[in-house]
Amino acid sequence: MSGTESPRGWHADEESLRAWADGRAGPALGASVEQHLLRCVDCRAAVGTHVATPTLDHTWDRVLEQIEVPRVGLLERTLLRLGVGPRDSLLVAAAPSARLSWLTGVAAVLLFAAVSAAVAEDGGVALFLMVAPIVPVGAVATAYGRTADPSYEVVLAAPYSTLRLVLLRTAAVLVPSVPLAVLVGLLLPGPSLLSVAWLLPAAALVATVLTVSAWVDPVLAGTAAVAAWVVAVAVATQTGDPLSVIDAAALVSYTAALVVGCVVLLGRLKRTPSGWPLG
Amino acid sequence: MSGPTVELHALRKSFHGTTALRGIDLRLRPGIVGLLGPNGAGKTTLLRILATVLGPDAGSVRILGRDPGTSADRTEIRRRLGYLPQELGYPRGFTAYAFVDYLAVLKEWDDAPTRRTEVRRVLASVGLGDLAGKRIRALSGGQRRRLALAQSLLGPPELLVLDEPTTGLDPEQRVSLREVLAEIGRTATVVISTHQTDDVAALCENVVVLDEGEVLYDGGVRELVASAAGRVWLAETRDATAAASWRTATGRYRNLGEAAPAGAQLVEPTLEDAYLLLRGASAPDEEAAA
Numbered sequence: 192m193s194g195t196e197s198p199r200g201w202h203a204d205e206e207s208l209r210a211w212a213d214g215r216a217g218p219a220l221g222a223s224v225e226q227h228l229l230r231c232v233d234c235r236a237a238v239g240t241h242v243a244t245p246t247l248d249h250t251w252d253r254v255l256e257q258i259e260v261p262r263v264g265l266l267e268r269t270l271l272r273l274g275v276g277p278r279d280s281l282l283v284a285a286a287p288s289a290r291l292s293w294l295t296g297v298a299a300v301l302l303f304a305a306v307s308a309a310v311a312e313d314g315g316v317a318l319f320l321m322v323a324p325i326v327p328v329g330a331v332a333t334a335y336g337r338t339a340d341p342s343y344e345v346v347l348a349a350p351y352s353t354l355r356l357v358l359l360r361t362a363a364v365l366v367p368s369v370p371l372a373v374l375v376g377l378l379l380p381g382p383s384l385l386s387v388a389w390l391l392p393a394a395a396l397v398a399t400v401l402t403v404s405a406w407v408d409p410v411l412a413g414t415a416a417v418a419a420w421v422v423a424v425a426v427a428t429q430t431g432d433p434l435s436v437i438d439a440a441a442l443v444s445y446t447a448a449l450v451v452g453c454v455v456l457l458g459r460l461k462r463t464p465s466g467w468p469l470g
Numbered sequence: 039m040s041g042p043t044v045e046l047h048a049l050r051k052s053f054h055g056t057t058a059l060r061g062i063d064l065r066l067r068p069g070i071v072g073l074l075g076p077n078g079a080g081k082t083t084l085l086r087i088l089a090t091v092l093g094p095d096a097g098s099v100r101i102l103g104r105d106p107g108t109s110a111d112r113t114e115i116r117r118r119l120g121y122l123p124q125e126l127g128y129p130r131g132f133t134a135y136a137f138v139d140y141l142a143v144l145k146e147w148d149d150a151p152t153r154r155t156e157v158r159r160v161l162a163s164v165g166l167g168d169l170a171g172k173r174i175r176a177l178s179g180g181q182r183r184r185l186a187l188a189q190s191l192l193g194p195p196e197l198l199v200l201d202e203p204t205t206g207l208d209p210e211q212r213v214s215l216r217e218v219l220a221e222i223g224r225t226a227t228v229v230i231s232t233h234q235t236d237d238v239a240a241l242c243e244n245v246v247v248l249d250e251g252e253v254l255y256d257g258g259v260r261e262l263v264a265s266a267a268g269r270v271w272l273a274e275t276r277d278a279t280a281a282a283s284w285r286t287a288t289g290r291y292r293n294l295g296e297a298a299p300a301g302a303q304l305v306e307p308t309l310e311d312a313y314l315l316l317r318g319a320s321a322p323d324e325e326a327a328a
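The following block contains the structure:
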């Protein structure tokens, strides 16, 4: 590297700087210029004039990206690994129900049900039946809506389908929590059917909440659904047979409610791409 | 001149027996229009209807040439709309960048590199470029308000609906916001609800004054100010017959009314004077408390 001497020492000449910036400098010249640039402010400033503006912009964009774009959280990372698209992963992670505290609460509720069941035997079956469907209903109720989502108003004013958003977020909570609840059910005394039989009333309740949420706040709809279910199990327990809430006749009525709910939801999905009606 | 971007006819809306809007007729064109009125006048209800998050009980609405009552049209309007509600919460743990990015996804900015550029653009336009990576809970009230504004600028929108955008901003921030809005208002329709008459005077060509769910005035800002000419007086005493009267920093009283108090000096009216006179004239029973 040739250079010029200045009061502050040697500086790289223009041609060497240009060759380095263009990537034309060989290994020896390149290493030499690079070493010099690390300790010479003047040459660092001078080399900037030899770098094409688009290259500088691109480099600056990459730097900003590293600084600004937030680190992907655990839930989002897991969803990405499971093959969920980056856009859907972000929308799920932004849901109030995606908060770690909420998921911890879900686990705590199920653990409580399991421990109670182990201790209280028959009473535990009733408790499990009472608690298990609350998890999916809670997931739906807190996925969206004025009460659950602090950004509700601007989310509603966006073109993204709100119904799709709710279904996406509900699915994201159901996928980890339902197998957990099924596992707890298997550990309980009583018929093995118990571990999965609660899924049907739970699905019927979820479909009902989703349908009713077109007109009332999802938290209100979810609370009403949970209250109705708790009362039903309590009444059945009082009459001496908590399992009557999942007998054949009851399962048929849940299936009917689920089918009606799904038909209404599919109809809305077809007719209203933007989701909830005005209201 | 381009056609109206917003057309409202005989618009009515009630909440649990309380009437918020009583037959509103409005046509808005590209440019910035201010929405003035006392609390409870129906401003927020009107803006929520324009933002397609609320439907009217009666009357017709056309926004950007489409009917928000049908879902396909509503989605199309939302693609071209920016909305800043009066109050906005934020998802917990989000940074400023992540929040705008999240809303950009909901606004169908699907291509990640393009979205990043757009998110940076709107954050920079409200002066939050350097705070993009900061968590929202660590931002000041004014910064959060600017963040809320930033998401509304994604697009940029053809219709921008802003409910009290200057609340919580300091004077410098308000001036810088005016510059941003003036630029958007060159091509888009910007509707700003505010209590700050000086913001309307500085920004808007037209103003709509609402009172008790009705349009009290719909026209030019200059014309409204001119309507107060000859009715604003500075005097040593308060005029009991004035529509409004208050003591200024100089110790003299600013009286708004037809009659000149003794020894009064006639002064140029401001938009605030004109607004108070307009409201005073329509509500003579109210003591013009302002």
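Which chain is which? The protein sequence lines are A and B, in order.
Numbering of the first sequence is given in our numbering, commencing with residue 192 and proceeding in unit increments.
Numbering of the second sequence is given in our numbering, commencing with residue 39 and proceeding in unit increments.
No residue lacks a Cβ here, since even glycine has one placed at the ideal position from N, Cα and C.
Interface flag, residue i vs chain B, CB-CB below 8 Å
| i | result |
| --- | --- |
| A/Gln-281 | Here the sequence assigns Leu to residue 281 of chain A, which means Gln is not the residue at that position. Yes, A/Leu-281 counts as interfacial toward chain B. |
| A/Val-263 | no |
| A/Val-346 | yes |
| A/Ser-465 | Residue confidence for A/Ser-465 is low, a pLDDT of 39 falling below 50, so the modelled location carries little weight; the figure read from the coordinates is stated next. Yes, its Cβ sits closer than 8 Å to a Cβ of chain B. |
| A/Arg-278 | yes |
| A/Leu-255 | yes |
| A/Tyr-351 | yes |
| A/Pro-245 | no |
| A/Ala-285 | yes |
Cross-strand partners of residue i (DSSP beta bridge)
| i | result |
| --- | --- |
| B/Lys-51 | B/Leu-59 |
| B/Gln-303 | B/Leu-272 |
| A/Trp-211 | A/Trp-211 pairs with nothing; no bridge assigned. |
| B/Arg-285 | B/Tyr-291 |
| B/Ile-121 | A small fix is needed here, since residue 121 of chain B is Tyr in this sequence, not Ile. B/Val-199, per the DSSP bridge assignment. |
| B/Ser-98 | B/His-47 |
| B/Ile-70 | B/Val-228 |
| B/Arg-65 | B/Glu-45 |
| B/Arg-104 | B/Ile-101 |
| A/Thr-414 | A/Thr-414 is not bridged to any residue. |
| B/Thr-6 | The displayed coordinates of chain B run from 39 to 328. Any statement about residue 6 of chain B would go beyond what the structure contains. |
| B/Thr-133 | B/Arg-173 |
Short CB-CB distance (under 8 Å) between residue i and chain A
| i | result |
| --- | --- |
| B/Glu-146 | yes |
| B/Val-270 | no |
| B/Ala-176 | no |
| B/Gly-289 | no |
| B/Gly-206 | no |
| B/Arg-50 | no |
| B/Gly-127 | yes |
| B/Arg-158 | yes |
| B/Arg-117 | yes |
| B/Thr-43 | no |
| B/Glu-325 | In this predicted model, B/Glu-325 has a pLDDT of only 42, less than 50, meaning its place in the structure is not dependable enough to derive any value. |
| B/Pro-299 | no |
| B/Val-143 | yes |
| B/Pro-123 | yes |
| B/Thr-57 | no |
| B/Thr-113 | yes |
Residue closest to residue i, alpha-carbon to alpha-carbon, out of the options
| i | options | result |
| --- | --- | --- |
| B/Ile-62 | B/Ala-134, B/Arg-182 and B/Lys-51 | B/Lys-51 |
| B/Arg-290 | B/Val-270, B/Thr-308 and B/Glu-296 | B/Val-270 |
| A/Val-387 | A/Leu-396, A/Val-400, A/Thr-402 and A/Pro-370 | A/Pro-370 |
| B/Asp-208 | B/Ser-190, B/Leu-197 and B/Arg-182 | B/Arg-182 |
| B/Phe-53 | B/Asn-77, B/Thr-83 and B/Ile-70 | B/Thr-83 |
| A/Ala-398 | A/Thr-414, A/Ser-368, A/Ala-419 and A/Cys-453 | A/Cys-453 |
| B/Ala-19 | B/Gly-179, B/Leu-85, B/Leu-185 and B/Pro-151 | Because chain B here runs from 39 to 328, residue 19 of chain B falls outside it and cannot be looked at. |
| B/Leu-262 | B/Asp-139, B/Leu-200 and B/Leu-316 | B/Leu-316 |
| B/Ala-176 | B/Leu-191, B/Ser-190, B/His-233 and B/Gly-131 | B/Gly-131 |
| B/Ala-220 | B/Thr-205, B/Cys-242, B/Pro-203 and B/Tyr-255 | B/Cys-242 |
| B/Ala-264 | B/Pro-307, B/Pro-94, B/Ala-48 and B/Leu-92 | B/Pro-307 |
| B/Pro-96 | B/Ile-87, B/Arg-158, B/Arg-104 and B/Gly-103 | A small correction: the amino acid at residue 96 of chain B is Ala; Pro does not occupy that position in the sequence shown. The candidate whose alpha carbon is nearest that of B/Ala-96 is B/Ile-87. |
| B/Gly-258 | B/Ala-240, B/Thr-275 and B/Glu-274 | B/Ala-240 |
| B/Gly-167 | B/Ile-174, B/Arg-173 and B/Arg-159 | B/Arg-159 |
Write down every uninterrupted run of the beta strand (DSSP E) in the segment 217-276 of chain B whose length is 3 residues or greater and which is fully enclosed by it, in chain order.
Within the segment 217-276 of chain B, the complete beta strand (DSSP E) segments at least 3 residues long are 227-231, 244-249, 252-258 and 270-273, listed from N- to C-terminus.
Runs of 4 residues minimum, wholly inside the segment 321-364 of chain A: which ones carry the alpha helix (DSSP H) assignment?
Taken in chain order, the complete alpha helix (DSSP H) segments of 4 residues or longer contained in the segment 321-364 of chain A are 325-332 and 343-347.
Which residues, in chain order, does the segment 180-195 of chain B contribute to contact with chain A at a C-beta distance below 7 Å?
Residues passing the 7 Å Cβ filter: Gln-189.
Using a Cβ cut-off of 9 Å, which residues of the segment 403-417 of chain A contact any Cβ in chain B, in chain order?
Of all residues in the segment 403-417 of chain A, none has a Cβ within less than 9 Å of some Cβ in chain B.
Interface residues of the segment 318-348 of chain A facing chain B [CB-CB below 9 Å]
Under the 9 Å Cβ criterion, the segment 318-348 of chain A contributes Asp-340, Pro-341, Ser-342, Tyr-343, Glu-344, Val-345, Val-346, Leu-347 and Ala-348.
If the cut-off is 7 Å on Cβ atoms, which residues from the segment 59-92 of chain B count as contacting chain A, listed in chain order?
Taking 7 Å as the Cβ-Cβ cut-off against chain A, the residues of the segment 59-92 of chain B that qualify are Ala-89, Thr-90, Val-91 and Leu-92.
Counting only runs that start and end within the segment 226-277 of chain A, where is the beta strand (DSSP E) found for 3 or more residues in a row?
Segments of the beta strand (DSSP E) lying fully in the segment 226-277 of chain A: there are none.
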